[in-house]
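Q: Take a look at the following structure, please.
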Amino acid sequence: MNLAFFLFCLSFRLLSFSPSQLAMALESATENVETERSLRDLKSILISGQQGEIRMSGWGQDRVRVLLKKTVFAETKEQAQALLQKTNLSILETPTTVELRIASARGENLIDRLQTRAKSQIHVDWEVKAPWNSLLDLAWQDGDIIVTDWRGVVRVRNNAGALHLDMVHSKNIDLFLGTGNAELTNSEFGGKIAIQKGNLLVQKTKATSQVYAEVVDGEVRIERCEGNFQIQSEASKIRVAGLKGDLSIRTNSEPVEAKGIEGSVEIQAQGASIVTDFIKPKGLSWIESEKGQVEISLPPSFQGFLDLFSVSGDTVVQFPVNRDRQDSSMFGPEPPGNVIGTVGSKSGVEFRVTAKKYIRVIRQ
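Numbering (this note's numbering), first residue to last: 2 to 365.
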């Protein structure tokens, strides 16, 4: 048989079974491992895993402690036990980094390794404590990631699984999830969050520098946060409930709801309706819905400039507006959906709004 074709058949067989289906049909062996390593200097912590959960937490000690639960599935109990003994924690320390990963001997050549991989599965759950000021870099294939009480830079790549960051005080984060939900709570950070398919929740968190979040397919929720957030999505519902800071949103088809805002917004939605509620508007806000409608709720004490234009609907403002009238003999009659003028006195607060359908500016 042609070698390339044989390797292809083995790979196809491996991909045709999910990990859970494979595990249910096999025998298993389990072992718990604990190890500890002192660090001479502050390091970057690099950990890579295939299948299993990792719980990562920081502490104020110059050492790394690792607790592992290794579970190996194979066709027989003896094969599982033998493979378990060959599955070990590898710790590689350089002058600048500490790298942790699981190393397993699965055969002497490529064909043996593929055959063993097709008939077995290794699942490892991690619990790691490390110096909290270190740079943390996690690369995961399939499993949940939990990071708590961390103060250094955090980088995460997770192909399939959830992510939860709690009490993370980092000057920069860089997070990527292929499929899975992310929760970021009780933290302070700036940086980037990217999710291909899954929901994002950021709660009780302060953006020390701008946070950029991109969610392709899922729901985005920002609750009781501070700082500046920039959100971009293709097919995600976006809900903001309590933000003391500036907000920027770009989205396509799903509705946008931004309430409890103390700051300014810049929202552009192609086919979605937009609902906003301001506790204390500041500066210049731009809002545009290319195919939907816009509703804005403002405090009774609001003063500022309005420039509102509805393409095919009407515009209603529940405030007395000192309108800037244009010369009808020169420019023609003013469109019914257009309102330009000042509420009260000019205060440095401006709203410039465009919508395909109607626009409502409501007094709270």
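Positions of the beta carbon are idealized from the N, C-alpha and C atoms, including for glycine.
Could you give the distance in angstroms between the alpha-carbon of ASN253 and the alpha-carbon of ILE262?
A: Each residue's alpha carbon lies about 22 Å from the other.
Q: Distance, Cα to Cα, LEU84 vs VAL73?
A: Cα to Cα, the separation comes out at about 7 Å.
Q: Where does ALA163 fall in DSSP's three states?
A: If DSSP states are grouped into helix, strand and coil, ALA163 belongs with coil.
Q: So does the stretch 62–82 actually touch the stretch 154–167, counting three or more Cβ pairs closer than 8 Å?
A: Result no; under three Cβ-Cβ pairs closer than 8 Å.
Q: Spatial neighbours of THR77 within its chain, please: C-beta separation below 7 Å, excluding the five flanking residues on both sides.
A: Correct list, in chain order: GLU28.
Q: Which stretch, first to last residue, makes up the beta strand (DSSP E) that contains LYS281?
A: Counting along the chain, the beta strand (DSSP E) containing LYS281 begins and ends at 275–282.
Q: Put LYS78 into one of helix, strand or coil per three-state DSSP.
A: The answer is helix: DSSP assigns LYS78 an H, G or I state.
Q: Compare the C-alpha of VAL340 against each of THR316, GLY272 and THR209 and name the closest.
A: Considering only alpha carbons, the answer is THR316.
Q: Cutting at 7 Å between CB atoms, please list the residues of its own chain near LEU93, excluding the five before and the five after it.
A: Closer than 7 Å at Cβ, skipping near neighbours: GLU100.
Q: Report the rounded CA-to-CA distance for ASN200 versus ALA242, giving the unit in angstroms.
A: Computed Cα separation, rounded: 16 Å.
Q: DSSP beta-bridge partners for MET57?
A: According to DSSP, MET57 bridges with VAL129 and VAL148.
Q: Given a threshold of 16 other Cβ atoms within 10 Å of its Cβ, counted over all protein chains shown, does SER346 qualify as buried or as exposed?
A: So SER346 ends up on the exposed side.
Q: Go ahead and pull the three-state DSSP assignment for GLN86.
A: Correct three-state label for GLN86: helix.
Q: With distances taken from CA atoms, which of ASP143, ASP145, ALA356 and SER171 is nearest ARG156?
A: With distances taken between Cα atoms, ARG156 lies closest to SER171.
Q: Based on DSSP bridge pairs, tell me the residues matched to SER91.
A: Per DSSP, ARG102.
Q: Would ASP42 be called buried (16 or more neighbouring beta carbons within 10 Å of its own) or exposed?
A: Exposed, since its Cβ has fewer than 16 Cβ neighbours within 10 Å.
Q: Is the CB-CB distance between PRO300 and GLN365 below 7 Å?
A: The answer is yes: Cβ separation under 7 Å.
Q: Measuring only the C-alpha atoms, how far is PRO96 from LYS44?
A: Computed Cα separation, rounded: 8 Å.
Q: Measuring straight from C-alpha to C-alpha, what distance separates THR31 and ASP126?
A: Cα to Cα, THR31 sits roughly 11 Å from ASP126.
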